[in-house]
Structure formats: structure tokens, C-alpha cells
Amino acid sequence: MGGHLDSWDVGEGAHDDGSGIVQSIEVLRTFKKLGLQNNHTIRAVCFANEENGTKGGKQYGKTAKDNNEQHLFAIESDAGGFSPRGISLEMDDVKRNQIKSWVNLFLPYGVYNFEGKYSGSDIAPLHEMGVPTAELVPEPQRYFDIHHTAEDTFEKVNRRELLLGSTVMTQLIYMIDKNW
Numbered sequence: 366m367g368g369h370l371d372s373w374d375v376g377e378g379a380h381d382d383g384s385g386i387v388q389s390i391e392v393l394r395t396f397k398k399l400g401l402q403n404n405h406t407i408r409a410v411c412f413a414n415e416e417n418g419t420k421g422g423k424q425y426g427k428t429a430k431d432n433n434e435q436h437l438f439a440i441e442s443d444a445g446g447f448s449p450r451g452i453s454l455e456m457d458d459v460k461r462n463q464i465k466s467w468v469n470l471f472l473p474y475g476v477y478n479f480e481g482k483y484s485g486s487d488i489a490p491l492h493e494m495g496v497p498t499a500e501l502v503p504e505p506q507r508y509f510d511i512h513h514t515a516e517d518t519f520e521k522v523n524r525r526e527l528l529l530g531s532t533v534m535t536q537l538i539y540m541i542d543k544n545w
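And the structure:
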């Protein structure tokens, strides 16, 4: 799971994509704090150069391939730290339907949409290698008010909404870790 470190120079990149980095790290912190024992290695990846060529994602994919790493799943958060509304699933129908069968676990967090089929540019190389991929889909109403502008600052991130996103990612990672 991951997000990207770089941003457009006009803003701080708090939503695009500091929030994705924070959410990914929060998943690891939550596993540790709750004493959850994972069956598979779980990584938070801070990609570089997403805004100007996706070199970090490409290099991560190349390194994974060169090292013959077996990724079970990858998720990216790169649409802002707003309230989560869905998870876009780029994978085969068997895995997609399994995740969709868990919808009741996500409804308390306002997550109901599992119809998207895009998973983000940084993890695209993993998808090309056959890895099931996904992207957290937050409420889009305010995203383009700040996207790639000077308004993309830390003060514009709502802590509760940001943590709801990390909670949803944690739930999904936990379920995949235990069921795949």
C-alpha cells in the first residue's frame, strides 16, 4: 500500500499526496497497536516522482520483478484525504466479488462503492505483473478545489476524514491478509 511523496510546487501536497502516505503508515501503526498478527508481509511504500513520470512506481515494480517478489495485493491512496466512499478494484472477477462480499464491513464507514476499475499510476507496474490492485476512493466534492493548487496545505486536511480512510484501508488489508 502506498502514496507518493512528491507534489506540485505551488502547494504543500497535503492531500496530493501526503494523505496517502499518512494513511498507509497508519495501517501499519494500527496493526502494531492492536497486536494484529499478519500472515503476509505488509509494506507501506512512499513512491517518488508520481507527478512527473512515475519513476518511483516503475522502479518499485522493476525491483519487485528483478527480486522475484510475490505481491498478493497492492492499494494506492492518491485522491485526497477526504471521507472514503469506495474502493476501486482492478482485478479478476473472483477476487473483486470476494471483496464486494465484505461490503457490510465497510458500510459503517460510509464506504459503499466497489464499482471502479482503476488503481493508480504508482502501482500500475504491479498490476501489469498480474497483482490485484485497488485505490481508495474518497468523497470527490472538494478535491479539485485544492488539487495542484496553493490551497493543498496541511490545514485543509480533516483529521477525522483522513483517519477514516486509513481505517478502511486497514480493514481491507486485514481481510485480504486473512483470506487470500
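Take the sequence shown: its letter number 177 is residue 542 in the working numbering, and every next letter is one higher.
Positions of the beta carbon are idealized from the N, C-alpha and C atoms, including for glycine.
The residue among GLY426, GLU416, ILE538 with its C-alpha nearest the C-alpha of ILE464 is ILE538. Pairing GLU526 with GLU441 gives a Cβ-Cβ distance that is not under 7 Å. When secondary structure is reduced to three states using DSSP, GLY530 falls in the helix class. Just measuring C-alpha positions, the residue of THR498, SER448, THR535 sitting nearest PHE438 is THR498. By the neighbour-count criterion, in which 16 or more other beta carbons inside 10 Å mark a residue as buried, PHE447 falls on the buried side. Of the residues GLY421, GLY481, PRO449, GLY445, the one whose Cα lies closest to the Cα of ASN462 is GLY481. Boundaries of the alpha helix (DSSP H) around PRO490: 489–493. One thing to note: LEU393 has its Cβ within 7 Å of the Cβ of ALA409.
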